[in-house]
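Q: In the working numbering, the protein residues as written are 3 to 342. From the three backbone atoms N, C-alpha and C, an ideal C-beta is built for every residue, glycine too. I am attaching a structure below and will ask some questions about it afterwards.
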Amino acid sequence: MTIKSILMKALRLTNGYPINTFLGGKGIILCFHRIVEHTSLHNSILEITLPALQRLVNQLQANNFEIISIEEIKGRLASKNSKKFAVLTFDDGYVDNYTYALPFFIQNNLPFTIYISNSMPNNTALIWWYALEDVVRKNKHIVFMYRQNKQQYSIHSLEEEKNAFSSIRNLILSLSSAEKELFLTYFFNLFGINIQAYSKHFSLTWEQIKILSKNNLVTIGAHTKNHLALSRIDSTEVYSEIFESKIELEDMLSMPVNHFAYPFGSVNEVNMATIIQVEAIGFTTAVTTVGGNLFAEHAGLLHSLPRFLVCELTSKFFLNIMLNGTYAYINNGFKLLKSF
Ligand SMILES: [Zn+2]
């Protein structure tokens, strides 16, 4: 048994308490993607229902976390204010951020941020992970060609369905962006799905983003033009992915866009060179998906802020150990700050 697993076991015995230890720092940033009526089987990591979101907000408030806007984070990190804070953010630009998130946050009078990948409102994003979910749910036999090799899957149990989903998903993730669109068009056509038309139903429109941006509770941030893993493309392309996403959002919304989220956002996609570019382009803050709590030191690390991914599956226990800092401390090798 590893030290990590022993500590996690000990924390479970106390349901993650004591809360508000020094490991928790000044606050946290949470990352959501979609709000849904019913969670899916294979993409639930991207989803939360309104009742679960309400429970999560209640838990934050019961632990005396003040929910603040990303605009306030720079000042709060530098200030002596000891009240803990949480910033709630949504990535990518799913349509439910308009249909469900906006009414929820208005009703609760709480601020939130949406990081938009321009490919969503421009209808060039291919939402293949949901189309793939439909394919593995509805087909008992999946046969296709991949790089001149015949691939076959038989699905007669939940386990086989999960295996097929994750295996085809990994295959798609390994494709270069040039190969991806061709492959996705071919693959989904086999099952009667026009992936371009299918994907449009998931995205916010520019009209909806404009309405969101005019609400005082909403901050619109940038999330690159095409949502590529920035570590896999050359630095000129990285620059245009980031810079042009900011310019197009600012043109469409007639307001400055000062906050950025790295696509995927783990240590595999975010590096020092990209962090420097994001700062040079003029963003005030940039968030990763490396889990961590925020400390005064982050006032000097505003372009690589840690953030916790949360979804329907995030239990009360896990939120507790995120809030009190023990989860990140154990996962980041017993360090408070993670470096890139
Ligand atoms: Zn994203």
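Kindly examine ligand 1 and report whether one of its heavy atoms sits closer than 7 angstroms to the Cβ of Pro-265.
A: Sequence index remark: in the sequence shown, residue 265 carries index 263 (1-based). Result yes, Cβ under 7 angstroms from ligand 1.
Q: Identify whether Tyr-132 lies in helix, strand or coil by the three-state DSSP scheme.
A: Taking the sequence shown and counting its residues from 1, the one referred to as residue 132 is at position 130. Tyr-132 falls in the helix class under three-state DSSP.
Q: Which of the three DSSP states, helix, strand or coil, is assigned to Phe-92?
A: By one-based count along the sequence shown, residue 92 stands at place 90. Correct three-state label for Phe-92: strand.
Q: Kindly provide the ranges of any beta strand (DSSP E) runs that are 3 or more residues long and lie completely inside the region 234 to 307, ordered along the chain.
A: Entirely contained in the region 234 to 307, the beta strand (DSSP E) runs reaching 3 residues are, in chain order, 261 to 263 and 287 to 289.
Q: Please identify the residue among Thr-328, Ser-317 and Phe-310 whose C-alpha is closest to the C-alpha of Val-89.
A: Locating residue 89 in the sequence shown gives position 87, counting from the first residue. Among Thr-328, Ser-317 and Phe-310, the Cα nearest to that of Val-89 belongs to Phe-310.
Q: From what residue to what residue does the alpha helix (DSSP H) around Met-324 run?
A: Taking the sequence shown and counting its residues from 1, the one referred to as residue 324 is at position 322. Per DSSP, Met-324 belongs to the alpha helix (DSSP H) from 318 to 325.
Q: So within the region 41 to 70, which uninterrupted alpha helix (DSSP H) runs reach at least 4 residues, ignoring any that extend past its ends?
A: Entirely contained in the region 41 to 70, the alpha helix (DSSP H) runs reaching 4 residues are, in chain order, 52 to 64.
Q: With respect to 7 angstroms, is the separation between the Cβ of Asp-94 and the closest non-hydrogen atom of ligand 1 below this value?
A: Taking the sequence shown and counting its residues from 1, the one referred to as residue 94 is at position 92. Correct: Asp-94 has its Cβ closer than 7 angstroms to ligand 1.
Q: With Ile-118 as the anchor, note down where its beta strand (DSSP E) starts and where it stops.
A: Residue 118 sits at position 116 when you count from the first residue of the sequence shown. First-last of the beta strand (DSSP E) with Ile-118: 114 to 118.
Q: Do the region 97 to 108 and the region 123 to 131 make contact, defined as three or more Cβ pairs closer than 8 angstroms?
A: Flag = no, the region 97 to 108 and the region 123 to 131 do not touch.
Q: Of all the options Ile-116, Ala-301, Gly-294 and Ala-298, which has the alpha carbon lying nearest to the alpha carbon of Asn-333?
A: As a working mapping, residue 333 is identified with position 331 in the sequence shown. Of the listed residues, the one whose Cα sits closest to Asn-333 is Gly-294.
Q: Can you give me the C-alpha to C-alpha distance between Asn-191 and Ser-176, rounded to a whole angstrom?
A: Within the sequence shown, residue 191 is the residue found at index 189, counting from 1. Within the sequence shown, residue 176 is the residue found at index 174, counting from 1. Their Cα atoms are separated by approximately 20 angstroms.
Q: Compare the beta carbon distance of Thr-34 and Val-259 with 8 angstroms and say whether it is the shorter of the two.
A: Stepping through the sequence shown from its first residue, residue 34 is reached at position 32. Stepping through the sequence shown from its first residue, residue 259 is reached at position 257. It should be pointed out that residue 34 corresponds to Phe in this sequence rather than to Thr. Result no, Cβ atoms of Phe-34 and Val-259 do not sit closer than 8 angstroms.
Q: When you measure from the CB of His-229 to every non-hydrogen atom of ligand 1, does any distance come out below 7 angstroms?
A: What you label residue 229 is simply residue 227 of the sequence shown in a count that begins at 1. Under cutoff, so the answer is yes.
Q: Quick check on the DSSP output: the alpha helix (DSSP H) that includes Thr-328 runs from which residue to which?
A: Your numbering for residue 328 matches position 326 in the sequence shown. Unbroken alpha helix (DSSP H) run through Thr-328: 328 to 333.
Q: How about His-261: is its Cβ closer than 7 angstroms to a heavy atom in ligand 1?
A: Here residue 261 is taken as the residue at index 259 of the sequence shown, counted from 1. For ligand 1, not one heavy atom lies less than 7 angstroms from the Cβ of His-261.
Q: For Lys-11, which of Ser-268, Arg-57 and Tyr-329 has the nearest alpha-carbon?
A: Working through the sequence shown from its first residue, we reach residue 11 at position 9. The shortest C-alpha separation from Lys-11 is found at Tyr-329.
Q: Where Ala-80 and Ile-70 are concerned, what is the direct C-alpha to C-alpha distance, given to the nearest angstrom?
A: Reading the sequence shown from its first residue, position 78 is the one you call residue 80. Reading the sequence shown from its first residue, position 68 is the one you call residue 70. Cα-Cα distance, rounded: 15 angstroms.
Q: Assuming Lys-28 and Leu-296 are in contact, meaning their beta carbons sit under 8 angstroms apart, how far apart are those beta carbons, in whole angstroms?
A: Taking the sequence shown and counting its residues from 1, one reaches residue 28 at position 26. Taking the sequence shown and counting its residues from 1, one reaches residue 296 at position 294. The pair is a contact, with the Cβ atoms about 5 angstroms apart (cut-off 8 angstroms).
Q: Under the criterion of a Cβ to heavy atom distance below 7 angstroms, does Ser-119 qualify as lining ligand 1?
A: Counting from 1 along the sequence shown, the entry for residue 119 is found at position 117. Flag set: Cβ of Ser-119 near ligand 1.
Q: Do the region 239 to 254 and the region 319 to 328 touch if we need at least three Cβ pairs shorter than 8 angstroms?
A: No contact exists between the region 239 to 254 and the region 319 to 328.
Q: Less than 8 angstroms between the C-beta atoms of Leu-251 and Val-240, yes or no?
A: Locating residue 251 in the sequence shown gives position 249, counting from the first residue. Locating residue 240 in the sequence shown gives position 238, counting from the first residue. No, Cβ-Cβ distance for Leu-251 and Val-240 is not below 8 angstroms.
Q: Excluding the 5 residues flanking Ile-157 on each side, which residues of the same chain have their C-beta closer than 6 angstroms to its C-beta?
A: On the sequence shown, position 155 is the one that residue 157 refers to. So the list reads Lys-142, Glu-163 and Ala-166, once near-sequence residues are dropped.
Q: Does ligand 1 have a heavy atom nearer than 7 angstroms to the CB of His-225?
A: Here residue 225 refers to the residue found at position 223 when the sequence shown is read from its first residue. Yes.
Q: Spell out a yes or no on whether the region 203 to 219 and the region 91 to 101 are touching, meaning 3 or more CB-CB pairs, one atom from each, closer than 8 angstroms.
A: Touching, per the Cβ criterion.
Q: Is it the case that the region 108 to 118 contacts the region 127 to 145, given that we only count it when at least three CB pairs across the two stretches are under 8 angstroms?
A: Not touching, per the Cβ criterion.
Q: How far does the alpha helix (DSSP H) with Ser-215 in it reach, from first residue to last?
A: Taking the sequence shown and counting its residues from 1, one reaches residue 215 at position 213. Counting along the chain, the alpha helix (DSSP H) containing Ser-215 begins and ends at 208 to 216.
Q: Among Phe-67, Ile-47 and Thr-286, which one has its Cα closest to the Cα of Asn-326?
A: Translated into positions along the sequence shown, residue 326 becomes position 324. Asn-326 has its Cα closest to that of Phe-67, out of Phe-67, Ile-47 and Thr-286.
Q: Give the DSSP-derived three-state secondary structure of Ala-127 in the structure shown.
A: The residue given as residue 127 occupies position 125 in the sequence shown. Of the three classes helix, strand and coil, the one that applies to Ala-127 here is coil, per DSSP.
Q: Grouping DSSP H, G and I as helix and E and B as strand, with all else coil, what is Phe-87?
A: For the purposes of this step, residue 87 is identified with residue 85 of the sequence shown, where counting begins at 1. DSSP places Phe-87 in strand when its eight states are reduced to three.
Q: Tell me the DSSP secondary structure of Gly-77 in three-state form.
A: As a position in the sequence shown, residue 77 is number 75, starting the count at 1. The answer is helix: DSSP assigns Gly-77 an H, G or I state.
Q: So, using beta-carbon positions, are Gly-95 and Ser-205 closer together than 8 angstroms?
A: Looking up residue 95 in the sequence shown gives position 93. Looking up residue 205 in the sequence shown gives position 203. Yes, the pair counts as a contact, with Cβ atoms nearer than the cut-off.
Q: Enumerate in chain order the residues of its own chain whose CB-to-CB distance from Leu-230 is below 7 angstroms, with the five nearest sequence positions on each side excluded.
A: What you label residue 230 is simply residue 228 of the sequence shown in a count that begins at 1. Correct list, in chain order: Ser-179, Glu-243 and Pro-265.
Q: For the candidate residues Phe-146, Asn-172, Tyr-148 and Val-138, whose alpha-carbon lies nearest to that of Ser-159?
A: Residue numbering aside, residue 159 sits at position 157 when the sequence shown is read from its first letter. Closest by alpha carbon: Val-138.
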